[in-house]
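What follows is a short report on a single structure.
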Amino acid sequence: MKALIAVLALSTTAFLYAAEVDHFSQPELDTLTDSRNALNAEVAQRIDRALVRANRNEPHLKPRKVQRVPVRSRCNVDRLYDSFRVLLARPLVGQVESYAEQSPDIERLSTLFQDSVYHEFTWPHSPSLVLSERVASVVRVGDDYVGTDKFGHFFTEGYSYFEETEQMHGSLKNALLFGEWTESVYFGAETTGVYSFADLVANFQGLRFWNRILSEHPDPLTESPLAPYVLCENERWVIGDAFDWLDYVDPAWNESVNCSMLRTDALLGKVMTSRPECRAEALPWERYGALAPMLFNQKGLSVLPAYLQPEAILALRHPELMTEPRIRLFKDIRERLERWRIRRDVRREARSRKTEKP
């Protein structure tokens, strides 16, 4: 059990800044000003800065104690992606996510943790959410309402998807399974108690962004080539097509449309005391086609099923390693951790009752 607690503590420490969003406790969303132009401008200036960095003469180290000699970058692709990553894909809390949460140019609606649908969660069951009390704000992009956390998912996890597909040379399935794994473990169910399908959509749309930087492969959604954001001209990177959030954001980013699942019946029950309404009928099925079943929650607010548990996803990601005994071992570890959480809650409630006695 000490090992289980150590794993939980490590996950919580590493991802303490993971946020959830509450679309259900925002009755005045339709009053929000559209932030699309401001968010587009923020991304555009970061892309400009990334190109300046990518075009900069790269120092070349000769043997020790010998002067650095500048070398022309000559449209170095690795340097280009690295520059985009530095300017847009910061770990934990992304740059555009921070901008959306803090900029005076962005109108947003915020919910305190104690006023959110998660307010009855306790730290053993939802350590990163309860300890940080970090509930993402909601902003308007075009006609859609988006949690600011989705901008971090778009750029940072979108890049992880890009790498999981070997920059689109490999299978899209690898990226989608990676996303399911992160939501079932350290970005979702095991640390916040919430498995967010809207996060998965933002991740996937982020993959589309990274693929479109050079557009060397067909778009993974439309399966057609799109105009690249960056071109190589005269051995320098230059702007190609303009970035626009409307190419990516849709109702599936909204967690009151593409609703989340909860890790346990108990957590679902706590959320349902706030009487949230899931509007799954607004999901854009036609746009996503065959990808929709992996990105959409068709059951509304519900409990995470067996096929989305960590051991089941890991068996699909690494079938060559996940033998039946190993699958049972992972399941046993997960169930023991859940029992530990329940015991912690029982003890906490017992201490609370004892304190309240006259």
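Residue numbers for the sequence shown follow the working numbering, beginning at 39 and rising by one. Just so it is clear, CB atoms sit at the ideal spot from N, CA and C, and this is done for glycine as well.
At the level of alpha carbons, what is the spacing between residue i and residue j?
i, j, result
"P101", "F192", "Note on P101: pLDDT 49, under 50, position unreliable in the model; the coordinate value appears next. Their Cα atoms are separated by approximately 41 angstroms."
"A82", "A76", "10 angstroms"
"E32", "A344", "A question about residue 32 goes unanswered here, because the residues of the chain that appear run from 39 up to 396."
"N114", "E373", "48 angstroms"
"E376", "L125", "39 angstroms"
"G196", "Y119", "13 angstroms"
"D303", "D383", "15 angstroms"
"H98", "D116", "In this predicted model, H98 has a pLDDT of only 49, less than 50, meaning its place in the structure is not dependable enough to derive any value."
"L320", "V276", "The displayed chain sequence assigns Ala, not Leu, to residue 320. Rounded to whole angstroms, A320 to V276 spans 38 angstroms at the Cα level."
"R84", "E324", "32 angstroms"
"S121", "D187", "22 angstroms"
"N335", "N241", "15 angstroms"
"L70", "D60", "16 angstroms"
"D181", "L67", "11 angstroms"
"F368", "L306", "23 angstroms"
"E362", "S209", "25 angstroms"
"A127", "D153", "30 angstroms"
Spatial neighbours of residue i within its chain, please: C-beta separation below 8 angstroms, excluding the five flanking residues on both sides.
i, result
"L150", "E171, V173"
"R381", "none"
"P129", "T194"
"R112", "E273"
Please state whether the Cβ-Cβ distance between residue i and residue j is less than 9 angstroms.
i, j, result
"R178", "D282", "no"
"R274", "N95", "no"
"A290", "V239", "yes"
"L252", "P266", "yes"
"N249", "F216", "no"
"L352", "I365", "yes"
"L385", "H163", "Residue identity differs from the one stated: residue 385 is Arg in this sequence, not Leu. Not in contact: R385 and H163 (Cβ atoms no closer than 9 angstroms)."
"V37", "Y156", "As displayed, the chain neither begins before 39 nor continues past 396, which places residue 37 out of reach and without an answer."
"M332", "E349", "no"
Report the partner residues of residue i according to the DSSP bridge assignment.
i, result
"E171", "Answer by DSSP bridge pairing: none, since E171 is not bridged."
"E271", "R274"
"E58", "V173"
"D120", "D120 pairs with nothing; no bridge assigned."
"G185", "V176"
"D72", "R178"
Within the same chain, show all residues whose beta-carbon is closer than 7 angstroms to that of residue i, passing over the 5 residues directly before and after it, in chain order.
i, result
"V168", "F159, T160, W161"
"Q105", "Confidence in Q105 is poor, its pLDDT being 47 and thus under 50, which makes the residue's placement too unreliable to answer from."
"A227", "E221, Y233, R301, L342"
"R246", "D257, P258, L259, Y286"
"P322", "D288, P289, A290"
(message) Give the list of continuous beta strand (DSSP E) stretches no shorter than 3 residues that lie fully inside the region 129-173.
(response) none
(message) Ignoring anything shorter than 4 residues, give me the alpha helix (DSSP H) runs that lie fully in the region 247-317, in order along the chain.
(response) 303-310
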